[in-house]
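Take a look at the structure below.
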Amino acid sequence: MHPSGNVIVVTRKAVKMEVVLKILIPILITIESGGDTKAIGDNGKAVGCLQIHKMMVDDVNRIIGAKTFDYQDRYDKEASIEMAKIYFRHYIKKTQRLSLEDQLVFMGRSWVGGPNGPNKVASIPYGEKVRELYQSIEKETLRP
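In this note's numbering, the protein residues as written are 3 to 146.
So, in structure tokens, the structure goes:
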């Protein structure tokens with residue numbers, strides 16, 4: 003069962019970004035805050051259910067070309083999810099050749115390490131957390 007409570011069935015073929023995001027974002031929320039919209043981490047710099055930094059809000063506003071989000075939106079679950087989707091759609095372009103699991107790991111590493119996160123050794127443990135959570139969801143979903 004997915005952290006959202008939904009059952010999502012996918013194949014090993016190329017998976018569209020929207021399907022990946024439906025699986026990935028609840029995993030990230032679980033890892034980052036356990037779903038706590040008031041969570042504060044990284045010495046007060048990262049907040050909300052997705053532990054978003056101010057720099058992320060600024061970057062998302064730059065990407066969309068408007069000051070749509072403010073720093074308080076990091077405490078709002080829906081606004082945080084929308085910022086994450088904008089971030090991923092902008093920075094993640096070529097993962098379709100990866101399996102779903104590897105796409106999730108790649109994108110998780112990008113979440114923790116920025117657009118170049120997948121190239122950073124420091125992002126490997128986070129990627130493995132994403133993998134482990136996905137595998138536990140997959141096992142539970144496939145259980146008879």
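A virtual CB, placed ideally from N, CA and C, is assigned to each residue, including glycine.
Neighbour-count burial assignment, residue i, 16 or more Cβ in a 10 Å radius
i	result
Met58	buried
Ser138	exposed
Ser127	First, the amino acid is wrong: residue 127 is Pro here, not Ser. The residue is exposed, with fewer than 16 neighbouring Cβ atoms inside 10 Å.
Ala86	buried
Arg64	exposed
Glu142	exposed
Arg76	buried
Thr13	Note on Thr13: pLDDT 41, under 50, position unreliable in the model; the coordinate value appears next. The residue is exposed, with fewer than 16 neighbouring Cβ atoms inside 10 Å.
Sub-9 Å separation of residue i and residue j beta-carbons
i	j	result
Ile94	Phe108	yes
Arg133	Leu102	no
Ser125	Phe90	no
Cβ distance (whole Å) where residue i is taken to contact residue j below 8 Å
i	j	result
Leu135	Thr32	6 Å
Gly67	Cys51	About 26 Å; that fails the 8 Å criterion.
Tyr26	Gly110	The sequence as given places Leu at residue 26; Tyr does not occur at that position. Leu26 to Gly110, Cβ: 7 Å. Contact.
Ile54	Ser35	Not really, about 10 Å apart at Cβ, beyond 8 Å.
Bridge partners - residue i, DSSP secondary structure assignment
i	result
Ile42	Val49
Alpha helix (DSSP H) runs wholly inside the segment 44-78, at least 4 long, in chain order: The qualifying runs are 56-66.
Whole runs of the alpha helix (DSSP H) within the segment 69-144, excluding any shorter than 4 residues: Restricted to the segment 69-144, the alpha helix (DSSP H) segments that are unbroken, complete and at least 4 residues in length are 79-93, 102-115, 126-144, listed in chain order.
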